């Protein structure tokens, strides 16, 4: 005989992962879920919050067609350096 636990599993405090839209406009401004990010340090803080979760949120990077590559590369490099593992680029077409 195998004794299996009865009832429902205990609730977890972790929220399920979210999908976060990170947009870079033609002027190089970065937006996190439509809220402008003030500077690189603020962006790092937001990414650190993602990394702190056991099940990371998914980052969808949406650069404007006219965004300079250096701005896109900066966001991606910052995410990678801080340990973000779920990031993808979404075409604006």
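In our numbering, the protein residues as written are 9 to 101.
All C-beta atoms, glycine included, are put in the ideal place defined by N, C-alpha and C.
Here the structure is a predicted model, which means the values were calculated and not measured.
Where residue i falls: helix, strand or coil (DSSP)
i: residue 90; result: helix
i: residue 12; result: coil
i: residue 78; result: helix
i: residue 37; result: coil
Segment limits, alpha helix (DSSP H) that includes residue i
i: residue 49; result: 48 to 60
Within 8 Å, strictly: CB atoms of residue i and residue j
i: residue 83; j: residue 27; result: no
i: residue 94; j: residue 64; result: yes
i: residue 15; j: residue 59; result: no
Range covered by the beta strand (DSSP E) that runs through residue i
i: residue 25; result: Looking at the DSSP string, residue 25 is not in any beta strand (DSSP E), and its letter there is neither H nor E.
i: residue 71; result: 66 to 71
Near the ligand GDP: residue i beta-carbon under 7 Å from a heavy atom
i: residue 88; result: No copy of the ligand GDP occurs in the structure displayed, which carries no ligand at all.
Assumed close pair residue i, residue j - CB separation to whole angstroms, cut-off 8 Å
i: residue 25; j: residue 66; result: 6 Å
i: residue 68; j: residue 30; result: 7 Å
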